[in-house]
Amino acid sequence: MSPPLNQIQTSPTLPAAADVVVIGGGIIGVFAAYYLARRGVSVALVEKG
Numbered sequence: 015m016s017p018p019l020n021q022i023q024t025s026p027t028l029p030a031a032a033d034v035v036v037i038g039g040g041i042i043g044v045f046a047a048y049y050l051a052r053r054g055v056s057v058a059l060v061e062k063g
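Per the numbering used here, residue 15 is the first one in the sequence shown, and the count goes up by one each step.
Below, the structure written as C-alpha cells:
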C-alpha cells in the first residue's frame with residue numbers, strides 16, 4: 015500500500031509575490047519547484063492545463 019500523499023495548495027490566481035516562478039508542470043518543472051520549496055524558497059508553479 016502506498017503512503018498517503020500530502021495535499022498541495024492550488025489556486026486559479028497567481029500569488030502576489032514569489033522568489034521563483036517555474037513555468038511548466040512537467041517532470042523537470044515539478045521537481046525543480048519541489049526541490050526549491052523543500053529548501054524554504056517561495057515557489058509558484060504555473061501550468062496551462
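Where a beta carbon is used, it is the ideal one built from N, C-alpha and C, also for glycine.
Q: Please classify valine 55: does DSSP put it in a helix, a strand, or coil?
A: Position 41 of the sequence shown, counted from the start, is the residue given in the question as residue 55. In the displayed model, valine 55 falls within coil according to three-state DSSP, outside both helix and strand.
Q) Whose CA, out of Val44, Asp33, Lys62 and Pro18, lies closest to the CA of glycine 54? A) Taking the first residue of the sequence shown as 1, we reach residue 54 at position 40. Comparing Cα-Cα distances from glycine 54 to each of Val44, Asp33, Lys62 and Pro18, the minimum goes to Asp33.
Q | Buried or exposed (CB count within 10 angstroms, at least 16 for buried), alanine 31 | A | Walking along the sequence shown from the start, residue 31 turns up at place 17. Alanine 31 comes out exposed.
Q. So the beta strand (DSSP E) isoleucine 37 belongs to, where does it begin and stop?
A. Taking the first residue of the sequence shown as position 1, residue 37 is located at position 23. 34-37 is the span of the beta strand (DSSP E), which, as asked, contains isoleucine 37.
(Q) Please classify valine 57 as buried or exposed, where buried requires at least 16 other C-beta atoms within 10 Å of its C-beta. (A) Residue mapping note: residue 57 aligns to position 43 of the sequence shown, counting from 1. Burial check for valine 57: the Cβ neighbour count within 10 Å reaches 16 or more, so the residue is buried.
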